[in-house]
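Read the structure below first, then the notes.
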Amino acid sequence: MRQPSGSLRTLALAGMLTAALASAQTAPTPAQAPAETPTPAIAPETPTPTPAAAVPAPAAAAEPTSTPTPRPTPLPTATPVPMSAPPMRLGDTPVMSISRLPADNPFGLAVDEPAALAPKPPFAETTVPASLFASVRVDATGKVLAAKIVRDPIPSLAAEEKRSFEQRWAFDPAVKAGQPVETWASLRLDLQVEVHPREEQATLTPVTRTTALAVPFQWGDDARWYETFKSAPPADGTVPVDSVDTTPNPKRTKWGADSYKGPFSCRFWVRVSAAGRIEKSIPIQVSDPVLIPYMRRTISTWTVSPARVKGQAVDSWNELSVSGQVSYSIEIKQINTLHKSLT
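What follows is the structure, given as structure tokens:
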């Protein structure tokens with residue numbers, strides 16, 4: 072399922088703006104008045120100044136052919152009344168009135184019977200891929216001086232991840248113009264994460280027309296995130312990693328953030344079809360982003376009692392809340408050095 076980046080409230084407003092602008096741009100163009108051949112009588116003309124006390128010229132000097140022919144006074148031309156506003160030009164200021172957002176939640180639905188989960192929906196143990204992005208400061212001898220976790224699929228292990236980089240890793244230093252230099256190494260760790268939920272609790276609450284719109288949890292595709300990531304040149308005297316000839320190369324990579332046991336929680340807005348399947352899901356809150364692909368894979372296998380209106384099964388949006396205990400087993404499958412700064 073593709074969901075827009077940004078809040079649902081923003082999407083609602085954007086939809087209204089788009090519709091309004093589309094309506095303005097597709098309004099019929101008013102009929103044009105018939106083209107007329109421009110004449111001095113229609114075009115503005117500069118009046119010939121008349122002396123304050125004009126003296127008639129002698130009859131002998133008068134030239135009849137030079138006497139201007141009186142012009143008839145043109146009849147006023149009726150201005151056509153447009154049937155609707157003309158198309159906007161680039162220089163026009165749009166005029167639009169928006170008083171407030173809709174009071175009703177567009178996801179909400181009044182139902183006689185809400186959708187319901189099975190008494191004990193299954194939570195299978197599953198392995199999901201994930202990527203961790205980090206920036207590690209490496210001096211000219213290859214020693215790690217500091218580490219920053221830039222994008223973390225398992226924040227529950229952030230402290231141990233940082234400790235692993237700073238205390239257990241070592242590098243061959245970066246090289247520029249034949250000399251080792253200090254820089255911030257950019258790394259992507261491709262992980263395989265085994266997810267083992269325990270003592271989980273799940274509830275399904277219907278989204279009604281008065282339910283406040285939720286803000287989606289922002290966690291998109293790794294490749295798209297990396298492509299759009301913007302960094303600033305380092306201000307600490309280090310050489311930017313995108314300007315070195317050879318990036319720092321990890322040579323000791325002992326990893327201590329390989330397991331976790333503890334609480335977890337997540338909330339999703341889900342669309343339950345009339346057939347009793349969860350067809351769409353929007354993450355609202357997750358303790359660890361790695362749970363997003365896990366939950367989507369898990370809930371797609373559930374059978375749910377659909378909502379009903381007048382005895383008929385209908386599609387409906389609901390909020391799914393899941394909490395409990397979880398354990399992770401993490402394995403690093405590949406370490407990638409990047410030529411783009413992540414600081």
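To convert, count from 1 in the sequence shown and add 71; that's the numbering used here.
Glycine included, C-beta positions come from ideal geometry on N, C-alpha and C.
- In this model, L284 and E350 are separated by some 20 Å (Cα to Cα).
- In this structure, the beta-carbon distance from R269 to V361 does not fall below 8 Å.
- Looking at the backbone, the Cα of V385 and that of E271 are separated by about 28 Å.
- For Q289, the secondary structure class from DSSP, reduced to helix, strand or coil, is coil.
- By a beta-carbon distance limit of 8 Å, S392 contacts R338. Their separation comes to about 5 Å.
- Around the beta carbon of R239, fewer than 16 other beta carbons lie within 10 angstroms, which makes this residue exposed.
- Nearest C-alpha to N320 among V266, A186, K214: K214.
- The alpha-carbon of A245 is positioned some 15 Å away from that of A217.
- Contact check between the stretch 245-265 and the stretch 374-381: fewer than three CB pairs, one atom from each, fall below 8 Å, which does not count as touching.
- For V341, the secondary structure class from DSSP, reduced to helix, strand or coil, is strand.
- The Cβ atoms of T309 and E253 sit closer than 8 Å to each other.
- When only Cα atoms are considered, T414 and N407 end up about 16 Å apart.
- Taken atom to atom, the span from the alpha-carbon of I220 to that of S257 is near 10 Å.
- A straight line joining the alpha-carbon of T279 with that of E231 spans about 42 Å.
- Its chain contains S235, I403 as the residues whose beta carbon lies nearer than 6 Å to that of W326, once the 5 sequence neighbours on both sides are disregarded; these appear in chain order.
- Burial is judged here by how many other beta carbons sit within 10 angstroms of a residue's own beta carbon; D223 has at least 16 and is buried.
- Looking at the DSSP output, T274 shares a beta bridge with S392.
- Bounds of the alpha helix (DSSP H) holding F236 are 229-239.
- Residue pairing by DSSP places R222 opposite F204 in a beta bridge.
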